[in-house]
Structure formats: structure tokens, C-alpha cells
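The next block holds one structure in the form of C-alpha cells; read it before the comments.
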Amino acid sequence: MNPSPIGVFDSGLGGLSVLREIRALLPHESLLYLADSRYAPYGEKPERFVEARTLQVCEWLVAQGCKALVIACNTATMHAVQTLRETLPLPIIGVEPGLKPAAAASRSKVVGVLATANTLRSAKFNRLLTSLEGESRYLCAPGLDLVARIEQGDVSGPEVRARLDTLLTPMLDAGADTLVLGCTHYPFLSDTIRAMVGNRLSLVDTGSAIARQLARKLAEHDLAAEHDLAAAPDTVPQDRYASTRDAAHLRAMAATLLNVDTLAETVVIEPAPPL
Ligand code: DGL
1 MNPSPIGVFD SGLGGLSVLR EIRALLPHES LLYLADSRYA PYGEKPERFV EARTLQVCEW
61 LVAQGCKALV IACNTATMHA VQTLRETLPL PIIGVEPGLK PAAAASRSKV VGVLATANTL
121 RSAKFNRLLT SLEGESRYLC APGLDLVARI EQGDVSGPEV RARLDTLLTP MLDAGADTLV
181 LGCTHYPFLS DTIRAMVGNR LSLVDTGSAI ARQLARKLAE HDLAAEHDLA AAPDTVPQDR
241 YASTRDAAHL RAMAATLLNV DTLAETVVIE PAPPL
């Protein structure tokens, strides 16, 4: 049994959508969530910054004693997961847009993909797209200011709805019946999207698949925690929530987005690599 925490990292609040799935699947594990909100969004930053900053914050998570890392950010995974795996001595689970499950789910074989601009132009994403040619037609669009709005806690306001309308209408007009939420912030828009498009689009996000992949990796590396919660309820793991910008905001957002009442801390991970 290994009680060390699992590090869950995102540029900001989006990774909370992945943390929610991990918490549900692995109640024995303790989690350390790090939101690099001081430098969010990553989706429009230079690629070399995303790579270097991701390595820097992951080194911080390792120094906190994490036994495994979940890069709960598509953008950071696309640009940094290879470097992380070459550099850090622990299991690293990344995320990528769910193009394959979307193709399997789609009847029209027209799939919309919303992701950050950086994800869409990355070599890793384009290799994935090419490998799936023929399975479906993918209509990819960058989510533009959606991440910034979610960071402010806005998941359903008029600007968010207007932006979604601009992005989704051409996809629907082209026959899409499935939408990939290719950024971990976007699952927080699910209710708004469903209210707008009804059942015309099935939504695909990979949070629960990531949680299952993490469980497999922990078992493979003999790293799982095995508290007996029934026999010793006091051993319920305490999660840590950390932000590089504003702990109070992270705490408020965890309450709003996850319905979790938690303490949070502001941490300093500096100097950041040059922009
Ligand atoms: N949540 C992130 C993702 O999955 C990145 C958002 C951003 O910082 O632009 O891509």
C-alpha cells in the first residue's frame, strides 16, 4: 500500500473535471490538485513555454511527494508529455481529445471537436487525426475565450452561449451528431451545451477513461493505496488543492463546479520560463 498523493495538474480549473472522475473511481487515494492559474490559459501561449512550464510545475508536484501524475490538460499533454516521461521517474498519465470514441459513437460519422488552438495545431493531435482518417470526418474548432470565461466561473452566461452558438452551429449544419470536449475545462459547459442543442449532439469527454487508466497504472506499478475505509473511516484521505494565483478563487470554484468544500492554498512556483 502506498498512501502518497497522486498529483493532478491543469493550467487552471479544467482539471477539476478529471479530478471529479478520479475521486469517484478511487476513493482510497489522496489527491493533490495544482491549478497553474497564474499562467492560464495555456491554449494561446507559445508551445515552448507550455512545455517548459509543465515540466516545472510537475517537478514541484514530484517534490511534494506525489507517486504518480495526471496531466489533466490536453494542451500540456500535447506539448509536454514526452518530455515529462523522459525526465520524471514516476507514472505519468496524459489526456487527449476523445476522437476515437467519438467516431465509434457517431452515426453520421461527422464529429465536432472543440479544443484549444495549441492542442489543434500540435503535432501529436495531428498525428492522432491522421491515424483516424476514414473513421469519421472531424470538424475542429478552437474554443477561443471559453477557457478564460470558465476560469472566471462563467459556464452559462450570455457571452458563453453566444460563443458556443458560433462554434456549434456550423458543426450541426454540416451534419455533426457528436461533439468531442477536447479541453478539460469544457465538461463544465456540458449542461449549457445540452440546454442549447438538446440531443442533437452527444458529448464525449475522457475524464472517466483517464481515471480508469490511472487505476490500471497504479496497479501495474504496485502503487495503489488500500485504506480500509469501512474499518478505519478516519483514514479517509485528505486532498490538497493548490493554485499559483488565488487559493480563495480555487476554493470557490471547487465549491461551484464540484460541490466540494475544501481548504486551498496559494503556492509560488517561480521563476516561470520566459514567455
Ligand atoms: N484545460 C486545458 C486543456 O485541456 C487547457 C486550457 C488552457 O489553459 O488553455 O487543454
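For the sequence shown, position 20 (counting from the first letter as 1) is numbered 20 according to the UniProt record's numbering, and the numbering increases by one without interruption. Ideal Cβ placement from N, Cα and C applies to all residues, glycine included.
For residue 200 and residue 169, the rounded distance between their alpha carbons: About 11 angstroms.
Nearer than 7 angstroms: is that true of the beta carbon of residue 147 relative to any heavy atom of the ligand DGL? Residue 147 Cβ: within cutoff of the ligand DGL.
Please report the residue range of the beta strand (DSSP E) in which residue 70 lies. From DSSP, the beta strand (DSSP E) with residue 70 extends over 68-71.
On the CB-based measure, 16 or more other CB atoms within 10 Å of its CB, does residue 1 come out buried or exposed? So residue 1 ends up on the exposed side.
List the residues that DSSP assigns as beta-bridge partners of residue 242. Residue 242 is bridged to 34 and 265.
Taking 7 angstroms as the line, does the beta carbon of residue 108 fall inside it for any heavy atom of the ligand DGL? No.
Whole-Å CB distance - residue 349 paired with residue 84, under 8 angstroms assumed: Nothing about residue 349 can be reported from this structure: the residues present for the chain run from 1 to 275 only.
Which of helix, strand or coil DSSP assigns to residue 133: Three-state result, residue 133: strand.
For residue 267, I'd like the list of residues in its chain whose CB is within less than 8 angstroms of its CB, leaving aside the five on either flank, ordered along the chain. In chain order, 34, 60, 242, 243 and 244 place their CB closer than 8 angstroms to the CB of residue 267, counting only its own chain and leaving out the 5 sequence neighbours on each side.
Is the closest heavy atom of the ligand DGL to the C-beta of residue 165 under 7 angstroms? Not under cutoff, so the answer is no.
Over the uninterrupted beta strand (DSSP E) stretch that includes residue 113, give me the two end residues. In this chain, the beta strand (DSSP E) harbouring residue 113 covers 110-115.
Say whether the segment 183-194 touches the segment 3-20, bearing in mind that this needs 3 or more beta-carbon pairs closer than 8 angstroms, one atom from each stretch. Taking a contact to require three or more Cβ pairs closer than 8 angstroms, the segment 183-194 and the segment 3-20 qualify as touching.
Cross-strand partners of residue 7 (DSSP beta bridge): Paired residues: 32 and 69.
Distance CB(residue 53)-CB(residue 274) smaller than 8 angstroms: No.
Mark residue 108 as exposed unless 16 or more other C-beta atoms lie within 10 angstroms of its C-beta, in which case mark it buried. Residue 108 is exposed by the Cβ-count criterion.
Test item, CB below 6 angstroms from any non-hydrogen atom of the ligand DGL: Result: 10, 11, 12, 14, 40, 41, 42, 43, 73, 74, 75, 116, 119, 147, 183, 184 and 185.
Starting from residue 202 and walking both ways along the beta strand (DSSP E), at which residues does that stretch end? Segment 202-204, the beta strand (DSSP E) holding residue 202.
Rounded C-alpha distance that separates residue 140 from residue 66: Those two C-alpha atoms are separated by around 35 angstroms.
Please name the residue in 70, 75, 58 and 32 whose C-alpha comes closest to that of residue 42. Nearest C-alpha to residue 42: 75.
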